[in-house]
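Chemist:
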Amino acid sequence: MSQHEQSETSGYDFRRIQERWLPLWDQMKPFSTDTSDDTRPRKYVLDMFPYPSGDLHMGHAEAYALGDIIARYWRLQGFNVLHPIGWDSFGLPAEGAAIKRGIDPREWTYDNIAQQRSSMRRYATSFDWDRVIHTSDPEYYRWNQWLFLKLYEKGLAYRKASWVNWCPFDQTVLANEQVVDGRCERCDNVVVKKKLTQWYFKITDYADRLLDDLNQLEGRWPSKVIAMQRNWIGRSVGADVDFTIEGRDEPVTVFTTRPDTLFGATFMVVAPDSELAAELAAGSTPEVQVAFADYLAQVQKSTEIERQDAAREKTGIPLERYAINPVNGERIPVWTADYVLADYGHGAVMAVPAHDQRDLDFARTFGLPVKVVVDVTAPITGAIPVVTPEMLENPDAVRDLASIDPSVTGEALAGDGRMINSGPLDGLSKQHAIRRVIELLEEAGTGRAAKTYRLRDWLISRQRYWGTPIPILHTDDGREIPVDESELPVALPPSEGLDLQPKGTSPLGAASDWVNVTLPDGTVARRDPDTMDTFVDSSWYFLRFLSPNDEDQAFDTAMAEKWAPVDQYVGGVTHAILHLLYARFITKVLFDLGYVNFTEPFSALLNQGMVLMDGSAMSKSRGNLVRLSDQLDEFGVDAVRLTMAFAGPPEDDIDWADVSPAGSAKFLARAWRVANDVTSEPGVAFGSGDVALRRATHHLLADVPGLVESFKFNVLVARLMEHVNVMRKAIDSGVGGADPAVREAAEVLAILLSLFSPYTAEDMWATLGHEPTVALQTLPKADPRLLVEESVTAIVQVDGKVRDRLEVSPQIAPDELEALARASDAVQRAVGAREVVNVIVRAPRVVNIATRR
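Numbering (the UniProt record's numbering), first residue to last: 1 to 853.
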C-alpha cells in the first residue's frame, strides 16, 4: 500500500467500530416495527426460514445481506418496514444430531438457535428482534395443529393406505416433492416404495388455481421458478375413457391426452403397484398370480426415475384379462408394466403403439399389434370433413405410410395429420378428432373431457419424534376423532426414555402415557403417533410474524389485512417447488376459509445464487470450506456484506476465490476517511458549494431507486466507489472539507452505505455530527435542476472520422448545431474543396458530414 493510500485509510478499525455500535443498537431497538398507529406506507420484507443446523455459513451471509439491503432501502424511502426473523426448528437433522450425541433434540436445536441469533446480531441484519418465532415452541405448533383441524373439517386432510416414497436411511416417508432424481432430498439415499397408511393434504383440489394464479406473479417472480412450478403441477388436458374389463363389474377409467387415437389402442397397461393390477391378477390364473407377485417385487426395487427412463428395456407380464375398446368393441389384452405409474391418471393407460414411442417399444418387445390411425403424410391445412374412398385408396398415400410403418421402423408416428382407420373420425385433423370422439364418448356414456395433473396430494405424516403431533385420536372401531381446539396444543412428550433411532414407526407410539387416551365417555383411544412434515410449519410462518405472541389465534386477521401479503421475499431457488408451492396452497385455503383477503403469499421473489469456492460447493471433504466466522474476524462484517453485494447480480453464483473482501475493507476505510475530512457544521444549508460535486451527488441520488428496485446492488456499490473518488478529488483539489457540497456528498454517502455496511455508515454519521441511527434517515430526493447538464459534448464527424468536439447546450436546435459544425475550422479543413452531399444531425450529441470526392 502506498503512503498516500495509507493516509487515506489510516484510523479505520472495524473491530472498534463494531464494538462501539452493536451494544447501542441492542439498546435502541431501531428496527422494532410499529404495526398499530404508524401512518407511514408499509412494506413487508421477509427472508426464507433458517434452519438451526450450526452457525451461519457463507450462503446465509449472502442471503441475509441481500434481504437486509432491501429492508433498509425501504426504510430510507420513508416506509414502515416489517423485517422479522425466526427459526424453522423442527425436523430430521435435529433429531439425527440428537441421536448421534445422545441428547434431547430440544437441547441441540435451541443451542444452535442461540448461536445463530448471536451471529445474526453481529452481522447487523435489521431484524425486529421482538418478533422471533421458533416452530418447535408449543406456542407455535399449537397453530399448526389448529390449521390441520381446519383442513380436516374442510375435507382437505385425509388418511389413506397407498404406496409411498420411503427413505430407508431416515426411516420415514417423503412427499413427491422431497424426492430428487429418485433420492431423498435431505440425505441423498435411494428412495423405495412402501405401502403405508398416511395423512395427506388435498393440494390437488387447488391444482388449477395454483397453476393459473402463477400468471399474477409474472414479472415479479423469477421466470425459472414459475416454470418449475408449472411443470411440477403438470396439467394435461384430454379425456377419461371407460373400458369394460371382462369379468369385472366396474369399468376401468383411462386418462389420455390423445382420445383421437382410440381406434389405434391395441392393448391396455396397468401399473404393477396399483390396486387395479393386484385385483386383476387375483382374478386370473394361479400362474399369473405367482408371476405377478414376482414381478411386483422386482418393480419395487426400482425408483420412479428408473421406471420412466425411455431408453430402459421394457418389462411386463400379461394378466390374461381382456378389456373392450368402447369406440369399436375390439377385445384387447391387459398387461402390467413398470413404465406406467400408479399415481398418473388412474394407474392405467390405453396403449396406442403406432403413435406413442413407449407403447411401441413395449409392443415390439412382446409382439403386440401396431395399428396406424393418423396419416402423418396427409396435409392438415384446410377443411377436409370426411375422407372419400378414392382418397383412402390413393396408392401414393399407402406407399408413403408403408415406408414409415412403426412396426418396421421402430419409430412411432408422433406428428399431426389426418385420421385413418378410425371410422367416423376418418379425415379429421387432430383437434377436430379430439372434439368429435369426446362427443361420441359422452353420447355413449363411456367417457368425458377431463384433466389430470402431475401434482399429487401432499403427504404430511412422518414417522419421527421431532415434529408437530397430528391432533387426531383413533378408536379401536376405526373412528378418527379430532382433538378439540380447546385442548391444543397436543404437546410432545419428553424424549427421555424414548428410543429415537429410526426404525420405520414413530417413537411416539412407544410413549404409552402420552399415546393412550380415555375419552369423557369412557372410550379408549390412541393418539396418532406420526408428526407433521416440517413444510407445514413454514407454509404459514409469514402470517405468525404479524402477531407472534397472540395466545388466542394463529394470527391477527386485521394485521394480515394491513400488512400481508409479503412485499418482497428473499431466498434460494432450492425450495422453488417445496416450500413456495405449499405456502401458496395454504394461503389459498386460508382465503377460502375467510382468514385472509389475498390468494398469493409473496408478491415478489428474489432468488440468490450459491457461494462457491474454486468453482465448487463448499465442503470439508473437498477441502474448500470457507468459514464465515473466519472471514468476519479477518475483514469485518461490513467488508463481507459489501463483497456479497458487489460480487455480481444476486441470482448469480459467487465464487469466493474471485472476490476481494480485502478490497472492500480498503474502500470502506477510504469512505470513512472522507467523512472525517468534513469540517463544516451539521445543519449547514445544502444549496451552495462546488457545483460539480453537487451534480455528482444528485445524479447518484436520482439513480438509486432504479438500481435497488431492480436488484442491481453491485452497480450501486460501484457508483458509491466512484462517488468516494469524486469526493476525494474535490477535497484534495482545493474545495476543502468546509465546503457545504462536501458535507452533502458525505451525508448521502453515509446514508447509502448503511444499506451495505451499517457499522461503517453509522460511524461516519456520528463523525458528521449526527445522532444515531443513520438507518432511519430519509434518503434525500435528487434536485432536478442539478440533473440538467449545462453543456454536452457534440461529436462532429467528416466521412466517418471525428474532426472536432463542440461544447453545446443540451437544448441546442439541430440547424444551430449544424451551423456550428460547418463553421468549425477543423471541419472546414477536413472538408476542403469537396462537395458536402449529406449532413445528419442528432442534436445535441452528433453531427455526421458526408462529402463527395
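For each residue, glycine too, the CB sits at the ideal point set by N, CA and C. Predicted model, so just to flag it, every value in this text is computed and none were measured.
For residue 269 and residue 543, I'd like the C-alpha separation in whole angstroms.
Modeler: Their Cα atoms are separated by approximately 46 Å.
Chemist: Over what stretch of residues does the beta strand (DSSP E) that includes residue 325 continue unbroken?
Modeler: Element bounds for residue 325: n/a, residue is neither H nor E.
Chemist: 8 Å is my cut-off, CB to CB: does residue 572 come that close to chain D?
Modeler: The structure shown contains no chain D; it is built from a single protein chain.
Chemist: Using a 10 Å radius around the Cβ and a threshold of 16 neighbouring Cβ atoms, would you call residue 88 buried or exposed?
Modeler: Classification for residue 88: buried.
Chemist: Should the stretch 160-171 be called in touch with the stretch 100-118, which here means at least 3 C-beta pairs below 8 Å?
Modeler: The answer is no - the stretch 100-118 does not touch the stretch 160-171, with fewer than three Cβ pairs under 8 Å.
Chemist: Are the CB atoms of residue 724 and residue 693 within a distance shorter than 8 Å?
Modeler: In this structure, residue 724 does not lie closer than 8 Å to residue 693 by Cβ.
Chemist: Just tell me which of 128, 108, 27 has its CA closest to the CA of residue 136.
Modeler: Answer by Cα proximity: 108.
Chemist: Quick one: what's got a C-beta closer than 6 Å to residue 397's C-beta in the same chain, skipping five residues either side?
Modeler: Low confidence applies to residue 397: its pLDDT is 46, below 50, so where it sits in the model is not reliable, and the reading given next is rough at best. Correct list: empty, nothing qualifies.
Chemist: Using CA coordinates, which residue listed in 175, 235, 82, 603 is at the minimum distance from residue 131?
Modeler: Nearest C-alpha to residue 131: 82.
Chemist: Could you tell me which of 16, 34, 86, 25 sits nearest to residue 538, measuring between CA atoms?
Modeler: Looking at the Cα atoms, 86 is the closest of the given residues.
Chemist: Would you say residue 613 and residue 626 are within 8 Å of each other, going by their C-beta atoms?
Modeler: Cβ distance < 8 Å, so residue 613 and residue 626 count as in contact.
Chemist: Where residue 16 and residue 124 are concerned, what is the direct C-alpha to C-alpha distance, given to the nearest angstrom?
Modeler: Cα to Cα, the separation comes out at about 15 Å.
Chemist: What are the residues that DSSP puts in a beta bridge with residue 221?
Modeler: Residue 221 pairs with 218.
Chemist: Do residue 757 and residue 775 come within 8 Å of each other at the CB atom, strictly closer than that value?
Modeler: Taking 8 Å as the Cβ cut-off, residue 775 and residue 757 do not qualify as a contacting pair.
Chemist: Return the CA-CA distance between residue 336 and residue 713, expressed in angstroms with no decimal places.
Modeler: Between residue 336 and residue 713, the C-alpha separation is close to 57 Å.
Chemist: Under the rule that 16 or more other beta-carbon atoms within 10 Å means buried, what is residue 272, buried or exposed?
Modeler: Flag for residue 272 reads buried.
Chemist: Along the chain, where does the alpha helix (DSSP H) containing residue 24 start, and where does it finish?
Modeler: It spans 14-28 - the alpha helix (DSSP H) in which residue 24 sits, taken as one unbroken run.
Chemist: How is residue 881 classed by DSSP in three states: helix, strand or coil?
Modeler: Within the shown structure, residues of the chain are numbered from 1 to 853, placing residue 881 beyond reach of any answer.
Chemist: Return the chain-ordered list of same chain residues with a C-beta closer than 8 Å to the C-beta of residue 382, the five sequence neighbours on each side being excluded.
Modeler: Here residue 382 scores only 43 on pLDDT, less than 50, and its place in the model is too uncertain to base an answer on.
Chemist: Could you check what DSSP says for residue 11 in three-state terms: helix, strand or coil?
Modeler: The answer is coil: DSSP assigns residue 11 none of H, G, I, E or B.
Chemist: If you run the structure through DSSP and keep just helix, strand and coil, what is residue 384?
Modeler: At residue 384 the pLDDT is 40, less than 50, meaning the model places this residue with poor confidence; the figure from the coordinates comes in the next sentence. In the structure shown, residue 384 sits in coil (DSSP, three-state: anything other than H, G, I, E or B).
Chemist: Going by DSSP, what residue range makes up the alpha helix (DSSP H) through residue 664?
Modeler: 661-676 is the span of the alpha helix (DSSP H), which, as asked, contains residue 664.
Chemist: For residue 387, count neighbouring Cβ atoms within 10 angstroms of its own Cβ and tell me buried if that reaches 16, exposed if not.
Modeler: Bear in mind that a pLDDT of 43 at residue 387, under 50, signals an unreliable position, so the model cannot answer this.
Chemist: Let's see if you can read the secondary structure: which residues bound the beta strand (DSSP E) around residue 350?
Modeler: Segment 348-351, the beta strand (DSSP E) holding residue 350.
Chemist: I need the boundaries of the alpha helix (DSSP H) containing residue 727, first residue and last residue.
Modeler: Element bounds for residue 727: 713-730.
Chemist: Is the Cβ-Cβ distance between residue 763 and residue 672 less than 8 Å?
Modeler: It is a contact, given that the beta carbons lie within the stated cut-off.
Chemist: DSSP three-state label for residue 35, please.
Modeler: Residue 35: coil per DSSP, three-state reduction.
Chemist: Quick one: is residue 616 buried, meaning 16 or more other Cβ sit within 10 Å of its Cβ, or exposed?
Modeler: Residue 616 comes out exposed.
Chemist: Since residue 572 and residue 608 should fall inside the 8 Å C-beta cutoff, what is the C-beta to C-beta distance between them, to a whole number of angstroms?
Modeler: That belief holds up - the Cβ atoms of residue 572 and residue 608 are roughly 6 Å apart, short of 8 Å.
Chemist: Please name the residue or residues paired with residue 197 in a DSSP beta bridge.
Modeler: 161, per the DSSP bridge assignment.
Chemist: For residue 860, count neighbouring Cβ atoms within 10 angstroms of its own Cβ and tell me buried if that reaches 16, exposed if not.
Modeler: Outside the shown range of the chain (1 to 853) lies residue 860, about which nothing can therefore be said.
Chemist: Decide yes or no for the touch test of the stretch 441-457 against the stretch 226-235: beta carbon pairs closer than 8 Å, at least 3 of them.
Modeler: With a cut-off of 8 Å, the stretch 226-235 and the stretch 441-457 count as touching, because enough Cβ pairs lie within range.
Chemist: Measuring only the C-alpha atoms, how far is residue 660 from residue 643?
Modeler: If I take the Cα positions, the gap works out to 7 Å.
Chemist: Can the beta-carbon of residue 850 be found closer than 8 Å to that of residue 837?
Modeler: Closer than 8 Å, so yes.
Chemist: Would you list the residues sitting across from residue 807 in a DSSP beta bridge?
Modeler: Residue 807 is bridged to 793.
Chemist: When you compare the CB positions of residue 93 and residue 495, do they come within less than 8 Å of one another, or not?
Modeler: Contact flag unset, no.
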